[in-house]
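J.: If you scroll down you'll find the structure; I have some questions about it.
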Amino acid sequence: MTLLLLALGAAIGAPARYLVDRAVQARHDSIFPWGTLAVNIAGSLLLGFVAGLPAAGPVSILVGTGFCGALTTYSTFSYETLRLAQEGARFYALANVMASVVAGIGAGAVGLLLAWTVTGR
Amino acid sequence: MTEPAPIDPDVDLHVAAERAELRPSPLPVLAAISAGGVIGTLARYGISVAWPHRPGGFPWSTFVVNVSGCLLIGVLMAVLTERVVTWRLARPFLGVGVLGGYTTFSTYVVDIGRAASAGSAGTALAYLAATLAGAVAAVWAGSALTHQVLR
Numbered sequence: 001m002t003l004l005l006l007a008l009g010a011a012i013g014a015p016a017r018y019l020v021d022r023a024v025q026a027r028h029d030s031i032f033p034w035g036t037l038a039v040n041i042a043g044s045l046l047l048g049f050v051a052g053l054p055a056a057g058p059v060s061i062l063v064g065t066g067f068c069g070a071l072t073t074y075s076t077f078s079y080e081t082l083r084l085a086q087e088g089a090r091f092y093a094l095a096n097v098m099a100s101v102v103a104g105i106g107a108g109a110v111g112l113l114l115a116w117t118v119t120g121r
Numbered sequence: 001m002t003e004p005a006p007i008d009p010d011v012d013l014h015v016a017a018e019r020a021e022l023r024p025s026p027l028p029v030l031a032a033i034s035a036g037g038v039i040g041t042l043a044r045y046g047i048s049v050a051w052p053h054r055p056g057g058f059p060w061s062t063f064v065v066n067v068s069g070c071l072l073i074g075v076l077m078a079v080l081t082e083r084v085v086t087w088r089l090a091r092p093f094l095g096v097g098v099l100g101g102y103t104t105f106s107t108y109v110v111d112i113g114r115a116a117s118a119g120s121a122g123t124a125l126a127y128l129a130a131t132l133a134g135a136v137a138a139v140w141a142g143s144a145l146t147h148q149v150l151r
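If you read the sequences in order, they're chains A and B. Here the first sequence stands for residues 1 to 121, where the numbers follow full-length UniProt numbering. Here the second sequence stands for residues 1 to 151, where the numbers follow full-length UniProt numbering.
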């Protein structure tokens, strides 16, 4: 059952990253990877929320490990950082790292606080 | 005119072939991403179950998953840009799907928060910095070594 929930979450999360990334790029032409930053922040917010729910066993597997895990990515983030540095856009490379880490941690914390507020903890 | 080398390995709309890859039907690309994402996610989960960490401890399994996934995206993108593999679905399946599903940013940031709130601020900071440094070094090494071998 766990593996089925994981697979279902991942089967939706991975193409969702691709489609959101495309949608962001189509509306905002830039070499800065706004699309990946957006999915990583959104996924961190959602995982923080799931992590703050009490006893969220199957939900945590489906939405957390499966969907959020596949929606967010470290490989894309680090490859983009390397490519920006190679293209001479060192400021963008550094900004990508700083923005991803700071906004990601912030989003995770906000998600956690939201879950605690909703569940009255 | 040569195509610009992509910045975003998932999809970069500056590359004409990637801009057009959902036509005539988006199904092959999306199905490849989906299938790859399931494989990568199951691998990440398997490693996390085999190698659990105590609350406030260093999340070794996610660290190893993220750094190894970064090494592999460096290798894969070099193989694809050198045109060694021309299978149309190689990037969607292996890069967007398998490696995107295998690595995770959300678990990384939530584990940093968990370690910090468990009173292990030092572990949280060490994990934050070690993953960043390891990931960037790994993607660079994977890319540089593969380009060198293939040229």
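In this text, a Cβ means the ideal position worked out from N, Cα and C, and glycines have one as well. These numbers come from a predicted model, not from an experiment.
By a C-beta neighbour count over all protein chains shown, 10 Å radius and 16 as the cutoff for buried, is A/Pro54 buried or exposed?
T.: Counted from its first residue, the first sequence places residue 54 of chain A at position 54. Exposed is the call here.
J.: Would you decide whether A/Gln25 is buried or exposed? Buried here means 16 or more other CB atoms lie within 10 Å of its CB.
T.: Position 25 of the first sequence, counted from the first residue, corresponds to residue 25 of chain A. By the Cβ-count criterion, A/Gln25 is buried, with 16 or more other Cβ atoms from all chains shown falling within 10 Å of its own Cβ.
J.: Using only the alpha-carbon positions, how far apart do B/Val15 and B/Pro6 sit?
T.: Position 15 of the second sequence, counted from the start, is the residue given in the question as residue 15 of chain B. Position 6 of the second sequence, counted from the start, is the residue given in the question as residue 6 of chain B. So the two alpha carbons sit approximately 7 Å from each other.
J.: Nearest CA to the CA of B/Gln148: which residue from B/Pro26, B/Tyr45, B/Asp10 and B/Gly74?
T.: By one-based count along the second sequence, residue 148 of chain B stands at place 148. Nearest C-alpha to B/Gln148 among B/Pro26, B/Tyr45, B/Asp10 and B/Gly74: B/Gly74.
J.: Compare the C-beta of A/Ala51 with all C-beta atoms of chain B and state if any pair is closer than 8 Å.
T.: Residue mapping note: residue 51 of chain A aligns to position 51 of the first sequence, counting from 1. Yes - at least one Cβ of chain B is within 8 Å of the one on A/Ala51.
J.: Look at the alpha carbon of A/Ala7 and the alpha carbon of A/Gly66, and state the distance between them as a whole number of angstroms.
T.: By one-based count along the first sequence, residue 7 of chain A stands at place 7. By one-based count along the first sequence, residue 66 of chain A stands at place 66. Those two C-alpha atoms are separated by around 7 Å.
J.: What is the rounded straight-line gap between the Cα of A/Ile61 and the Cα of B/Thr123?
T.: For this step, residue 61 of chain A is matched to residue 61 along the first sequence. For this step, residue 123 of chain B is matched to residue 123 along the second sequence. Straight-line Cα distance between these residues: approximately 25 Å.
J.: Do B/Tyr108 and B/Gly69 have their beta-carbon atoms positioned less than 8 Å apart in this structure?
T.: Taking the first residue of the second sequence as position 1, residue 69 of chain B is located at position 69. Taking the first residue of the second sequence as position 1, residue 108 of chain B is located at position 108. Contact: no.
J.: Should B/Ile47 be flagged as near chain A, meaning a C-beta pair shorter than 8 Å?
T.: As a working note, residue 47 of chain B is residue 47 in the second sequence. Taking Cβ atoms only, chain A never reaches closer than 8 Å to B/Ile47, which makes this a no.
J.: Is the segment 33-52 of chain B close to the segment 69-77 of chain A, with three or more CB pairs under 8 Å?
T.: Contact holds: three or more Cβ-Cβ distances are below 8 Å.
J.: List the residues of chain A that B/Arg44 touches, going by C-beta distances under 7 Å, in chain order.
T.: Counted from its first residue, the second sequence places residue 44 of chain B at position 44. In chain order: Gly69.
J.: Taking DSSP as the reference, what is the three-state secondary structure of B/Ile47?
T.: What you label residue 47 of chain B is simply residue 47 of the second sequence in a count that begins at 1. Correct three-state label for B/Ile47: helix.
J.: For chain A, is any of its Cβ atoms less than 8 Å away from the one on B/Leu99?
T.: For the purposes of this step, residue 99 of chain B is taken as residue 99 along the second sequence, with counting starting at 1. Cβ-Cβ to chain A under 8 Å: yes for B/Leu99.
J.: Do A/Asp21 and A/Thr36 have their C-beta atoms within less than 8 Å of each other?
T.: Numbered from its first residue, the first sequence carries residue 21 of chain A at position 21. Numbered from its first residue, the first sequence carries residue 36 of chain A at position 36. Contact flag set, yes.
J.: Do you know whose CA, among B/Ala17, B/Met77, B/Val139 and B/Thr41, lies nearest B/Leu150's CA?
T.: As a first step, residue 150 of chain B must be located in the second sequence, where it is residue number 150. Ranking B/Ala17, B/Met77, B/Val139 and B/Thr41 by Cα distance to B/Leu150 puts B/Met77 first.
J.: Which term fits A/Ala23, buried or exposed, when burial requires 16 or more other beta carbons within 10 angstroms of its beta carbon?
T.: Position 23 of the first sequence holds residue 23 of chain A. Counting Cβ neighbours within 10 Å, A/Ala23 comes out exposed, since fewer than 16 surround it.
J.: Buried or exposed: where does B/Asp12 fall if 16 or more other Cβ atoms within 10 Å of its Cβ makes it buried?
T.: One-based indexing of the second sequence puts residue 12 of chain B at position 12. So B/Asp12 ends up on the buried side.
J.: Return the CA-CA distance between residue 158 of chain B and B/Gly56, expressed in angstroms with no decimal places.
T.: The question about residue 158 of chain B has no answer, for chain B in this structure spans 1 to 151.
J.: At which residues does the alpha helix (DSSP H) containing B/Trp87 begin and terminate?
T.: Translated into the one-based positions of the second sequence, residue 87 of chain B becomes position 87. No alpha helix (DSSP H) holds B/Trp87; DSSP gives it neither H nor E.
J.: Can you name the start and end residues of the alpha helix (DSSP H) that B/Arg19 belongs to?
T.: Translated into the one-based positions of the second sequence, residue 19 of chain B becomes position 19. Counting along the chain, the alpha helix (DSSP H) containing B/Arg19 begins and ends at Ala16 to Arg19.
J.: Would you check if the segment 81-92 of chain B and the segment 30-39 of chain B touch, i.e. whether three or more CB-CB distances between them fall below 8 Å?
T.: Segment contact: the segment 30-39 of chain B against the segment 81-92 of chain B, three or more CB-CB distances shorter than 8 Å; contact assigned.
J.: In angstroms with no decimal places, state the Cα-to-Cα distance between A/Ala109 and A/Thr117.
T.: Residue numbering aside, residue 109 of chain A sits at position 109 when the first sequence is read from its first letter. Residue numbering aside, residue 117 of chain A sits at position 117 when the first sequence is read from its first letter. Spanning the two alpha carbons is a distance of roughly 12 Å.
J.: What does A/Gly81 reach in chain B if we use C-beta pairs closer than 7 Å?
T.: Looking up residue 81 of chain A in the first sequence gives position 81. It is worth fixing the name first, because residue 81 of chain A is Thr in this sequence and not Gly. What A/Thr81 touches in chain B: Val136.
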